[in-house]
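I have placed the structure first, in the form of structure tokens, so that the comments after it can refer back to it.
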Amino acid sequence: MEQKIQQKRSAKEIVRYYAKRYFIDAMGAMAQGLFASLLIGTIFVALGMIPGLSFMVDIGKYAQAMAGPAMAAAIAYSLKGHPLVVFSAAAVGQAANSLGGAGGPLAVFIIAIIAVECGLLVSKKTKVDIIVTPFVTVFVGGVLSLLIAPTIGVLTGYISDFIGWASLQAPFVAGVIISVVIGVCLTLPISSAAICAGLILTGSAAAAGSSAGLAIAGAAAVAGCCAQMVGFAVISFRENKWGGLLSQGIGTSMLQMPNIIRNPRIWIAPTLASAVTGPLAVCVFDLRMYGAAINSGMGTCGLLGPIGLILGWISPENGYPGEVTALHWIGLVLVCFVLPAVLSFAFNEILRKIGWVRDGDMKLDV
42 MEQKIQQKRS AKEIVRYYAK RYFIDAMGAM AQGLFASLLI GTIFVALGMI
92 PGLSFMVDIG KYAQAMAGPA MAAAIAYSLK GHPLVVFSAA AVGQAANSLG
142 GAGGPLAVFI IAIIAVECGL LVSKKTKVDI IVTPFVTVFV GGVLSLLIAP
192 TIGVLTGYIS DFIGWASLQA PFVAGVIISV VIGVCLTLPI SSAAICAGLI
242 LTGSAAAAGS SAGLAIAGAA AVAGCCAQMV GFAVISFREN KWGGLLSQGI
292 GTSMLQMPNI IRNPRIWIAP TLASAVTGPL AVCVFDLRMY GAAINSGMGT
342 CGLLGPIGLI LGWISPENGY PGEVTALHWI GLVLVCFVLP AVLSFAFNEI
392 LRKIGWVRDG DMKLDV
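Under our numbering, read the sequence shown as residues 42 to 407, first letter to last.
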């Protein structure tokens with residue numbers, strides 16, 4: 042009897058160890074790798090829109106292109122990979138991210154972990170480590186990228202199909218569904234920006250297949266993404282202070298994924314906020330996305346979500362219908378910044394009072 046209890050305890054400890062290793066440590070590191078490449082690059086691209094700073098766009102694009110390698114190397118580092126494993130993981134990340142499409146980050150997460158663990162099995166075990174370790178790591182990661190990364194991209198495509206269906210519904214229904222789903226995608230290790238770009242969520246005249254429904258969907262997507270980023274930035278301020286406010290508010294809410302795995306209830310407040318701001322954006326403030334479709338899935342990352350809306354208003358080639366009024370500008374500020382902060386804070390306070398959210402639940406390791 043005592044032996045069985047010890048075995049059960051040992052099994053639980055093993056599960057707890059690997060759950061922390063992969064879904065806390067590795068995922069948290071991956072979010073930091075994403076921030077240090079794609080998202081910081083996005084901020085550079087946004088700064089490049091300022092007259093005289095156009096060179097920053099080129100810097101930003103180079104940083105964005107390194108998202109896959111940066112995420113995989115961060116995962117390898119978090120798993121205590123030896124130097125050759127970490128360096129080799131960069132190639133794995135590039136392959137997985139490129140072949141995974143909108144599911145690229147998720148593909149990197151799964152494939153890099155397997156490749157790194159295989160690399161660790163042989164690392165420093167032979168006299169020709171400099172050949173064996175990179176070969177095994179890159180071979181395993183490369184084969185898995187070819188075999189399963191495209192499938193992960195296809196599975197992520199089902200989300201795109203659902204969003205496409207939602208964009209055809211009544212504005213209120215579309216506002217709720219798209220805001221919530223795209224906002225959740227932004228926090229998950231999948232690319233909300235790629236989903237929005239693939240679906241062409243903009244009414245811009247320059248975009249093939251543009252329509253009023255897509256313009257509505259794009260605005261709702263902006264609202265949902267802003268709700269997640271601003272919401273988490275505000276409700277975790279007591280734990281993370283100004284560094285956390287900036288890294289989540291203009292970086293990525295994906296930094297909270299390890300904490301969400303620990304306590305999924307912390308996700309309720311910003312998600313409820315997105316369910317409110319989405320329909321408000323399209324039904325009350327008449328916001329429509331006529332900027333670049335990719336901006337619909339960026340939220341406040343580099344402020345590209347609001348910038349996309351504004352560029353859609355002021356660029357004649359985008360074909361924005363009608364006149365931009367004070368209501369639009371007020372709506373943009375409220376939907377992208379004020380309401381996500383206020384609503385998320387209010388919802389989170391309720392959750393704290395009933396004991397679903399506690400101090401330290403949203404502490405970031407950055």
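Note that the Cβ used here is the ideal one computed from N, Cα and C, for glycine as well.
Bear in mind the structure is a predicted one, so any value in this text is a computation, not a measurement.
Roughly how many whole angstroms lie between the Cα atoms of residue i and residue j?
i	j	result
Gly144	Arg393	33 Å
Gly349	Gly360	14 Å
Gly82	Ala104	5 Å
Gly272	Phe378	9 Å
Val127	Phe64	18 Å
Asn300	Met68	10 Å
Ala322	Met339	16 Å
Leu120	Ala131	14 Å
Pro146	Ile276	25 Å
Gly353	Val365	10 Å
Ala136	Gly109	8 Å
Gly332	Lys61	41 Å
Asp402	Val173	41 Å
Ile100	Leu80	12 Å
Leu40	Asp66	With the chain running from 42 to 407 in the structure shown, residue 40 is simply not present.
Return no unless some Cβ of chain B is closer than 8 Å to the Cβ of residue i.
i	result
Ser288	Protein chains in the displayed structure number just one, and chain B is not present.
Please determine whether the Cβ atom of residue i lies at a distance below 7 Å from any heavy atom of the ligand FMN.
i	result
Phe386	As presented, the structure is devoid of all ligands, the ligand FMN included, so that no description of it is given.
If you drop the 5 nearest sequence neighbours on each side, which residues of the same chain put their C-beta closer than 7 Å to that of residue i?
i	result
Ala77	Ala111
Leu242	Leu255, Ala258, Gly259, Ala262, Met330, Ala334, Ser337
Gln269	Gly224, Leu227, Thr228, Ser294, Pro311, Ser315, Gly340
Thinking C-alpha only, which one of the options is nearest residue i?
i	options	result
Met90	Val398, Gly343, Asn389	Gly343
Phe326	Asp99, Ile355, Ala264	Ala264
Ala387	Ala314, Ala113, Leu405, Glu358	Ala314
Arg279	Asn389, Trp397, Val86	Asn389
Thr178	Thr167, Lys166, Lys168, Leu161	Leu161
Ser129	Cys159, Leu227, Leu140, Leu375	Cys159
Pro347	Ala238, Leu375, Ser51	Leu375
By the 10 Å Cβ neighbour count, where 16 or more other Cβ atoms means buried, how is residue i classified, buried or exposed?
i	result
Asp202	exposed
Tyr58	exposed
Val56	exposed
Ser164	buried
Please work out which residues of its chain come closer than 8 Å, Cβ to Cβ, to residue i, disregarding the five sequence neighbours upstream and downstream, and give them in chain order.
i	result
Gly254	Ser208, Leu209, Ala215
Gly372	Leu321, Ala322, Val325, Phe326, Asp327, Leu328
Phe96	Gly89
Whole-angstrom Cβ separation of residue i and residue j, contact assumed at under 8 Å?
i	j	result
Thr233	Cys266	What sits at residue 233 in the sequence shown is Ser, not Thr. With 8 Å as the limit, Ser233 and Cys266 qualify as a contact, their Cβ atoms being about 6 Å apart.
Thr293	Ala72	7 Å
Ile219	Ile200	Contact flag wrong, Cβ pair sits at about 11 Å.
Ala114	Ile152	Not really, about 13 Å apart at Cβ, beyond 8 Å.
Thr341	Gly290	6 Å
Ile116	Val157	6 Å
Got a sec? Which residues, its chain only, sit under 6 Å from residue i by beta carbon, not counting five neighbours each side?
i	result
Ala382	Val271, Val275
Ile302	Phe64
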